[in-house]
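Here this note's numbering is used: the first residue of the sequence shown is 21, the next is one more, and so on. We put the beta carbon where it would ideally sit given N, CA and C, even for glycine. Following: one structure in structure tokens, then a few remarks.
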Amino acid sequence: MGGGVEGFLPLAEWLPFLQSLPDQSFAAFLARGIGSGFRIGVDRNHQLQAEKSNRPSARKNEGIVSAYIQEEFGGGKLRLAAPNEVVHVSPIAIIPKTSQPGKYRLIVDLSAPDGSSVNDGISPALATLSYTSVDEAVAMVIEAGQSAWMAKLDIQSAYRKVPVHPADQPLLGIHWRGVTFCDRALPFGLRSAPLLFTAVADGLSWAMECCGVHNLIHYLDDFFFCSRAESSECEQALRTAVNLCQRLGLPAAPHKVVGPCTTITFLGIEIDSCRWELRLPEDKQTRLMSILQEWKHDKRQSVTKKQLQSLVGLLNYAARIVRPGRPFTRSLIEASKIPQEPDHWVRLNVECRSDISWWQEFLRFWNGRSFYPGRPWAATVYSDASGRWGCGAVCLPVGQWFQVQWPESWYSISIAAKELLPIVVSVAVWGREWAGLRVLSRCDNDAVVACLRSGSAKDPLLAHLLKILALLSALHKIQLVAVHVAGRSNGAADALSRGNSKLFFSLIPQASRAPRTVPAQLLELLWDREAAWTSEDWMQRLDAFLLLDFQEEQRAPMAQQRGGTCSSASGPASTHSQ
21 MGGGVEGFLP LAEWLPFLQS LPDQSFAAFL ARGIGSGFRI GVDRNHQLQA
71 EKSNRPSARK NEGIVSAYIQ EEFGGGKLRL AAPNEVVHVS PIAIIPKTSQ
121 PGKYRLIVDL SAPDGSSVND GISPALATLS YTSVDEAVAM VIEAGQSAWM
171 AKLDIQSAYR KVPVHPADQP LLGIHWRGVT FCDRALPFGL RSAPLLFTAV
221 ADGLSWAMEC CGVHNLIHYL DDFFFCSRAE SSECEQALRT AVNLCQRLGL
271 PAAPHKVVGP CTTITFLGIE IDSCRWELRL PEDKQTRLMS ILQEWKHDKR
321 QSVTKKQLQS LVGLLNYAAR IVRPGRPFTR SLIEASKIPQ EPDHWVRLNV
371 ECRSDISWWQ EFLRFWNGRS FYPGRPWAAT VYSDASGRWG CGAVCLPVGQ
421 WFQVQWPESW YSISIAAKEL LPIVVSVAVW GREWAGLRVL SRCDNDAVVA
471 CLRSGSAKDP LLAHLLKILA LLSALHKIQL VAVHVAGRSN GAADALSRGN
521 SKLFFSLIPQ ASRAPRTVPA QLLELLWDRE AAWTSEDWMQ RLDAFLLLDF
571 QEEQRAPMAQ QRGGTCSSAS GPASTHSQ
């Protein structure tokens, strides 16, 4: 079999769409790749060293590997190496497909050996890609409105439909049972494969638009469609897309064509357009809780790369819908990069164990559901802190407030930590009333606003308080939006932080006569400067507070208490400006 690219994508079918593509340089790139095969981007000056020893997973499953190679060879995706052809061979492995029990994917380890591999010879620029997110799909659903129709399709064996240029095929050799093969299609494990396939998928997306399919996005080979509830557009779009995929040589996997429907799983997350909910599928939540519980029981401080990658993968799914939890995957992601091999061990440092504790605590109380971003506004909170007296916050437009005096142990604490503390207390005190809504947090400290926006801080105490804030925000499903306010416009909160009740009531005459009670149990947790998420004693006290908070009878909404509404985020600013 020759090294050409016959039998892959039909260029004649693609050309009418490519000719109308606005970016004609991109169109020319696709036309060359579809017609002659795509160059994979290896620097020809890079020194390669072959590694022919296949991975244990392949050697232990010879029957599966042999059947796969026979199928790919018969389908023209692999070819025999020609006599005397110089072929670079890389090891192969197989991994089970999580979505298809009993099915396996063959991976070519093009990153071996380290420093002299095919992937080492590919520029990082060819591996840099901006992916579509669940947030973009949710934005489409919000735009379409309540009970919007959704549908999706996946391209079948997507990478294996894209041809490799004959000049690069000898770089993609594998050796099995004494026979050397060269890949004619993009293999799993190639550094530039996601970028190359995404280019083809972008071309397919343009072709769909040319055929009247407009409300769509794609992540690699996953395509998502959406339309209003009263429209048949989603159904028509799916039908058109499936037919077009077949015509252009990228057939959809029949079992992965879904919809139209009002609840769909896209990129591992359930999207519900009727209830406006995002959910972690039950199987993922169960697996995640099981792993974390096992690690907690074992008090595990060292894990293998494979174990850590499995946990990180599940946490990444959860973090897609639990926005406050996103910063608490970073340390684990970095740790997973340290070991070279899946069975190599890595020691979990304090930051890793602290982040794992955050997720363990959160999952104890979470029901696996979250609301869409961009929910209605609940209130605006102005907060402030003074160096010696204390801190306070006022919630507008209803006018509830609290103030707290510093214990002596906090006199010398940084002003940034003091400014952050009343924001944490606000979410703890009013979290039930704000559940599922957005809250505008106005603070006159730039450093604190920056920390709130990033969700992280280098200072240990700030980082600790942010973790508590993130936990409370996530459990109450609150979207906290931090905005800087000039000190001259923060007079009421400043008065609370200095114990000046007379000035406070003169600035906010509609304020409640009595302050909101701040639980002593909460303050004990926050005052503890030695607190650590790896401390059993402190975690038990946090548990006790959360259990008390979540088992209390639901308090009446603030709006009902005051006979008003909490729906405006812009009103308080003008009410409070001086």
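With DSSP as the reference, please indicate the residues paired to TRP409 in a beta bridge. Counting from one through the sequence shown, the residue named residue 409 turns up at place 389. For TRP409, which the question treats as bridged, DSSP gives no partner whatsoever.
Using only alpha-carbon positions, find the residue among TRP558, LEU100, ARG533 that is nearest to LEU545. As a working note, residue 545 is residue 525 in the sequence shown. When only C-alpha atoms are compared, the closest one is TRP558.
Taking DSSP's pairing of strands, which residues face GLN39 in a bridge? If you number the sequence shown from 1, residue 39 lands on position 19. Answer is none; GLN39 lacks a bridge partner.
Looking only at its chain, what residues have a beta carbon closer than 6 Å to the beta carbon of SER77, apart from the 5 residues adjacent to it on each side? The sequence position of residue 77 within the sequence shown is 57, counting from 1. Cβ within range, chain order: ALA113, ILE114.
Locate the alpha helix (DSSP H) running through LYS304, then write down its first and last residues. Reading the sequence shown from its first residue, position 284 is the one you call residue 304. Counting along the chain, the alpha helix (DSSP H) containing LYS304 begins and ends at 302-318.
For TRP386, does the three-state DSSP call read helix, strand or coil? Counting from 1 along the sequence shown, the entry for residue 386 is found at position 366. TRP386: coil per DSSP, three-state reduction.
Confirm, please, whether the CB-CB distance from ASP375 to SER351 is below 8 Å. By one-based count along the sequence shown, residue 351 stands at place 331. By one-based count along the sequence shown, residue 375 stands at place 355. Yes.
Alpha carbon of LEU273 to alpha carbon of ALA178, nearest angstrom: Here residue 273 refers to the residue found at position 253 of the sequence shown. Here residue 178 refers to the residue found at position 158 of the sequence shown. In the sequence under discussion, the amino acid at residue 273 is Ala, which differs from the Leu named in the question. About 9 Å.
At which residue ranges does the region 113-155 contain complete beta strand (DSSP E) runs of 3 or more residues, listed in the order of the chain? 124-128
If you draw a straight line from the C-alpha of GLY232 to the C-alpha of ALA257, how long is it? Taking the first residue of the sequence shown as position 1, residue 232 is located at position 212. Taking the first residue of the sequence shown as position 1, residue 257 is located at position 237. Those two C-alpha atoms are separated by around 7 Å.
Please check the pair ALA249 and TRP169, which I expect to be a contact at CB under 8 Å, by giving their CB distance rounded to whole angstroms. What you label residue 249 is simply residue 229 of the sequence shown in a count that begins at 1. What you label residue 169 is simply residue 149 of the sequence shown in a count that begins at 1. At roughly 6 Å, the Cβ-Cβ gap stays under 8 Å, so ALA249 and TRP169 are in contact.
Please specify which runs of the beta strand (DSSP E), each continuous and at least 3 residues long, are wholly inside the region 339-390, giving them in chain order. 365-367
Which same chain residues end up closer than 6 Å to ARG295 when comparing Cβ atoms and leaving out the 5 residues on each side of it in sequence? Locating residue 295 in the sequence shown gives position 275, counting from the first residue. Result list for ARG295: empty, nothing under 6 Å.
Taking the Cβ atom as the reference point for each residue, do LEU29 and GLY269 lie within a distance shorter than 8 Å? The residue given as residue 29 occupies position 9 in the sequence shown. The residue given as residue 269 occupies position 249 in the sequence shown. In contact: LEU29 and GLY269 (Cβ atoms closer than 8 Å).
Under the three-state DSSP convention, the category ARG533 falls into: Numbered from its first residue, the sequence shown carries residue 533 at position 513. In the structure shown, ARG533 sits in coil (DSSP, three-state: anything other than H, G, I, E or B).
Identify the continuous alpha helix (DSSP H) that holds ASP292 and give its terminal residues. If you number the sequence shown from 1, residue 292 lands on position 272. Taken as a continuous stretch (DSSP letters only), ASP292 belongs to no alpha helix (DSSP H), being part of the beta strand (DSSP E) at 289-292.
In whole angstroms, what separates the C-alpha of ALA576 from that of ALA145? Taking the first residue of the sequence shown as position 1, residue 576 is located at position 556. Taking the first residue of the sequence shown as position 1, residue 145 is located at position 125. Caution applies to ALA576, whose pLDDT of 36 falls short of 50 and renders its modelled position unreliable; the model cannot decide the point.
Residue environment, GLY345, which counts as buried when at least 16 other CB atoms sit within 10 Å: Here residue 345 refers to the residue found at position 325 of the sequence shown. The residue in question, GLY345, is buried, as its Cβ has 16 or more Cβ neighbours within 10 Å.
Identify the continuous alpha helix (DSSP H) that holds GLY94 and give its terminal residues. The sequence position of residue 94 within the sequence shown is 74, counting from 1. From DSSP, the alpha helix (DSSP H) with GLY94 extends over 82-94.
Less than 8 Å between C-beta atoms, sequence neighbours within five positions excluded: which residues of the same chain meet that for SER212? As a first step, residue 212 must be located in the sequence shown, where it is residue number 192. Around SER212: ILE60, GLY61, ILE142, LEU146, ALA147.
Enumerate, from N- to C-terminal direction, the unbroken alpha helix (DSSP H) stretches of 4 or more residues contained entirely within the region 174-211. none
Which of helix, strand or coil does DSSP assign to GLU297? Position 277 of the sequence shown, counted from the first residue, corresponds to residue 297. Looking at GLU297 - three-state DSSP - the assignment turns out to be strand.
Between the beta-carbon of ASP242 and the beta-carbon of LEU312, is there less than 8 Å? Indexing the sequence shown from 1 puts residue 242 at position 222. Indexing the sequence shown from 1 puts residue 312 at position 292. No; because the gap between Cβ atoms is not below 8 Å, this pair is not in contact.
Span separating the alpha-carbon of LEU416 from that of ALA436: On the sequence shown, residue 416 is found 396 positions in, with the first residue counted as 1. On the sequence shown, residue 436 is found 416 positions in, with the first residue counted as 1. In a straight line, the C-alpha of LEU416 is about 23 Å away from that of ALA436.
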